[in-house]
Every structure is written in structure tokens, then in C-alpha cells.
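Residue numbers (full-length UniProt numbering): 1 to 527.
Virtual Cβ for every residue (Gly too), placed ideally from N, Cα, C.
As the structure is a computational prediction, the values presented were derived from the model and not from experiment.
Read through the structure below, which is laid out as C-alpha cells, and then see the notes.
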């Protein structure tokens, strides 16, 4: 069986040392010996690992210059620790934070690192190579000595112009088009990531720690965001809804359906909330302790029980609601299931409370009695270019204030991360983590059944987010474990299928489609 990944970052960890020859090779495997912070700094999908087992020859590789807020709050703190100086340079991180290195420069550095030949110390088997695809006929399905690569770009901040801002939107569009003009296939474009930007309101996605620089701002999609979406579609690059806020996603769905109905939606590395987006309605009484603060709203969700016994969903709105799934499948799009333990609902125990953050404007809209009508009106205004995105002021020098409760939460999260130990064997969590993935697969099928839609079996794949600073599931810790995971998932699915007589495929057929066939068919159709 062959395997595919819709979203992986083999170049990201090459960026955190000086880019003068001292940076890591994208082919090398990083392996911190102390195992502090679990597997987060350890390689999960180096180019060497992607090719190691001889069962993966096609990936969609993510290019992503890390945002200043993300570097400042997490990587700099980690980099200050003596034990990590081999992996993270404080001077390099300061350079990235202080704008000495622009996002465009960092983007070019990551692409150069991915393009570079392996070094002798990487010990790459003779004949192994990579190929950046320009045409689908360049893909040789039987050649497992070649890793065939197409790209995705995560974060529209990548294309900011001078001083990492939008001074001239046409310059930003030109930066995007300049990369597209290289001719390498860019499958999709993710406008948002983990920090506020000038294009779109993002969903809070505290991957590791801190609050202030990661808090959402404003509401919906800006005029700049609209221009970037239209330009991407003109270049036959699909839009990824991952990291968009819920209001932004809903506006985007209406806009795409009206103007670009033939363009499939990508959801590249997602989990599910296990809920409808009506969860914000006050009559449902699901929002716990919403508190209005200077920066927006802080509120709490209770983890939603999963479809499979013992599993849960992660309830934050960075994950997708039932209606999101219907929009993506209705567009004949592609859904990549993340392998991030947190996103799959496995980080905390059943019944744990989860903090979430929203801008003032988005939370007040979502909880209004006429939320649907307001979103429709916003979409119509967006369509006509009458765009008011509320308070979107960004201040990178003095980020959003945090009260003592938020700061204490961040400190506790940091201590938890440092205490996390790597599991070097097939841990007691192995089967549980297989079931977390299966829980998402079954729920997506269940949603199609509820809404009278065709079954989703042609539209699911893996979007691991490997090497994107995630704690991966124990059953699929890195790209070398695809085959063992596929077998374990098939075994677990065979145990569950008797409970679902309306699923007419075998476990083997479902797993084969998930792991490779769906992505290959999607690319054959749309390349």
C-alpha cells in the first residue's frame, strides 16, 4: 500500500539556526536526547523519513514562515534553555522576531533548504531524490526512489511586503504570483494561521502556550483577504479553511458558492468539534462562563463525547462543525485528518474544560438571535466590497494584554510541555489513539447520513501536520509509521463496522482510500 500526506512540514525545523550553512538539512533526523517536551522537537517527517520505508512517494509539502508572535512566545523560551542550543539559536530567533529577517526572506530560506541536496552526514541511500511536480504526468506512481512533491502555503502573512505589513496589496499579490510563476504546483493556500493578520480573522489555536499574540482580532475577511482569495483562484490554487475563524469560514462558504462553485474546498489538517455551529445559541446553553475582557471574550467549552466509546472531540472553533463538513463535501473537496493529539480530542481527560478566545465582534455576532441573518448580510456586504472588519489594529510591540489568570494558564501549559516525556514503545495509549482517528472518520460518515449526502469515502485523507510543532498520536508518531498505522486502523475498523450496516465498503477499502487513493484521484482530476 502507498501513502500520502496532505500537510507536512519537513522544512520548518531547518529555520531555527543561522541560515549560513549551520542550519539543519531538511533530510536530517533531529533527535533531542533528553526527550523533554515529548516528540515536539524531534523530526516527524524529514525528507529522509518520508522516503525511509519505501511506501511514500507523493506528499503535499507545507511552506510556512513562522509568525513573530509564535516565535517570540514559544520558540524563544525553549531556545533560551541550554539543552536546546543545538536545535534553536536565540540569536536567529531574535533576528526573526525583530524583522531583521522578513517573512519573504524566511519563506525563501525554507524553500532553499527543501531544495538543497542531502549532505554526506544525512546518509541518504544512493538514488533517493525529490522532484517538485509541475505537471501530473511527471508523477511516476511506481517510483519509490523519488519523493514527488507538490506544495501548499500556510499563512498569507508569507507574502507581506516591507516591514511584514501590507503597504500595497498589489505588491503582496505580486509576491504570491512570483512564487506561483516558478511553475511548481501549489495545491492550496491557507490564509490564516495562529496570529492576527491583515487578511482574515483567525480561530484561536493555542498549539503550545501563551495568549496575547495569538488572540483573534476583528471579524470576517478583509478587503485584502478577498483580493488574495480571488487571485489564488485565478491561479488555480484552492483555498484551505483551516485556521479561519467560524464567521470567516461561513462568509467564505457563501462567497465561494456564489462566485467559484467549481472550486473544491480544502480542509488540510483538521479535527471535529463534534457539534453543530448552533452551539453558540443562548437557548442551547452550551457556552460556559463567557467573560468579556479588553481583548475579546474568553469562554469555556466542555469536551464533547465521541461517537466511539472512550473518545472525545476537541470543542474549540479551530476545529470543524457539522455544517463545515457539509460545505466541504458539497464542494467535492478534500478533508485531511490531523494527527495532532490535541486536535483529535486526546490531550485532556473526558470532562475537561477547554478555554477558547474570540474577538468581541465575532462572539457577539455568533451569540445573537439573528446570527444567521447577520452573517448573510456580512457576506452580501463582502461581496459588494463594503467591508467593515471591526477593530483589527495590530501591535506587535505591545500585544494584547493578559490578566493574571491568563498568565498563570500559560505558565502551567509551559510546565506541562516541559514535563512531557517521549514514549519510545507502543504505549498503553496506542489503541486509544487509533480510535481517536477512527472516531473522526465515523462521525464524518454520520454527518453525511444526517444531511442526506453521499458517503464521504472519496474525500478523506491524512493531513498529519508532522513537524508543525505538534504532539503526534502514539499510533502514528512520524511518517515512517504509516504502514503500521494503516494496519491498526483497519483492524479497529473491522471491529466497528458490524455496528454500521449502512457502511457498504470493507475496512480495507476505507483505509486504502484514506491513506492514498482519494488524494491520488483528487490530484488526477485537478492537477
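For residue 424, count neighbouring Cβ atoms within 10 angstroms of its own Cβ and tell me buried if that reaches 16, exposed if not. With a pLDDT of only 47 at residue 424, under 50, the local geometry of the prediction cannot be trusted, and no value is derived from it.
Please report the distance separating the alpha-carbon of residue 57 from that of residue 486. Rounded to whole angstroms, residue 57 to residue 486 spans 16 Å at the Cα level.
CB residue 130 to CB residue 150, shorter than 7 Å? Taking 7 Å as the Cβ cut-off, residue 130 and residue 150 do not qualify as a contacting pair.
Out of curiosity, what's the CA-to-CA distance linking residue 55 and residue 512? Cα to Cα, the separation comes out at about 13 Å.
Assuming the contact rule is C-beta atoms closer than 8 Å, residue 274 and residue 343 should be a hit. Round their C-beta distance to whole Å, please. Between residue 343 and residue 274 the Cβ distance is about 12 Å, and since that is not below 8 Å, they are no contact.
Residues of its chain near residue 510, where Cβ-Cβ distance is below 7 Å and the 5 sequence neighbours each way are ignored: Apart from sequence neighbours up to five positions away, the residues of its chain that approach residue 510 with a beta-carbon distance below 7 Å are 457, 493, ordered along the chain.
Strand pairing of residue 460, partner residues [DSSP]: DSSP, once it has assigned bridges, lists 335 as partnering residue 460.
Helix, strand or coil, according to DSSP, for residue 34 in the structure here? For residue 34, the predicted model reports a pLDDT of 48, less than 50, meaning its position is unreliable; a value from the coordinates is still stated below. Residue state for residue 34 is assigned as coil, using DSSP reduced to three classes.
Per DSSP, what are the beta-bridge partners of residue 355 in this structure? Residue 355 is bridged by DSSP to 300.
Taking the alpha carbon of residue 5 as the reference point, which residue from 29, 31, 46 has its own alpha carbon closest? Looking at 29, 31, 46, the one whose alpha-carbon comes closest to that of residue 5 is 46.
Which residues share a DSSP beta bridge with residue 154? Answer by DSSP bridge pairing, in chain order: 190.
Distance, residue 327 Cα to residue 253 Cα: Distance between the alpha carbons of residue 253 and residue 327: 7 Å.
Name, in chain order, the residues that DSSP records as bridge partners for residue 148. Answer is 58, 131.
Buried or exposed, going by whether 16 or more other CB atoms sit within 10 Å of the CB of residue 173? With at least 16 other beta carbons inside 10 angstroms of its own, residue 173 counts as buried.
How many whole angstroms separate the CB atoms of residue 69 and residue 213, which I take to be in contact at a CB cut-off of 8 Å? Between residue 69 and residue 213 the beta-carbon gap is near 3 Å, inside 8 Å, which marks them as a contact.
Taking the CB atoms as reference points, tell me whether residue 193 and residue 463 lie closer together than 7 Å. Contact: no.
Whose C-beta lies closer than 6 Å to the C-beta of residue 291 among residues of the same chain, with five residues either side of it excluded? Within the same chain, residue 291 has close Cβ partners 298.
For residue 496 and residue 158, the rounded distance between their alpha carbons: Between residue 158 and residue 496, the C-alpha separation is close to 43 Å.
Residue 292: first and last residue of the uninterrupted beta strand (DSSP E) it sits in: 288-293 is the span of the beta strand (DSSP E), which, as asked, contains residue 292.
Pick helix, strand or coil for residue 243, following the three-state DSSP scheme. Residue 243: coil per DSSP, three-state reduction.
Between the CA atoms of residue 385 and residue 433 - distance to the nearest angstrom: CA-to-CA, the gap between residue 433 and residue 385 works out to about 45 Å.
Residue 248 beta carbon less than 7 Å from that of residue 325: No.
Mapping DSSP to helix, strand and coil, what is residue 1? Annotated three-state conformation of residue 1 is coil, per DSSP.
Please name the residue in 286, 104, 430, 220 whose C-alpha comes closest to that of residue 165. Selected option, being the one with the closest Cα: 104.
On the CB-based measure, 16 or more other CB atoms within 10 Å of its CB, does residue 488 come out buried or exposed? Its Cβ being crowded by 16 or more others within 10 Å, residue 488 is buried.
Among 383, 300, 108, which has the Cα closest to the Cα of residue 179? It is 108 whose Cα lies nearest to the Cα of residue 179.
I'd like to check one pair, residue 132 with residue 516: are the Cβ atoms closer than 7 Å? In this structure, residue 132 does not lie closer than 7 Å to residue 516 by Cβ.
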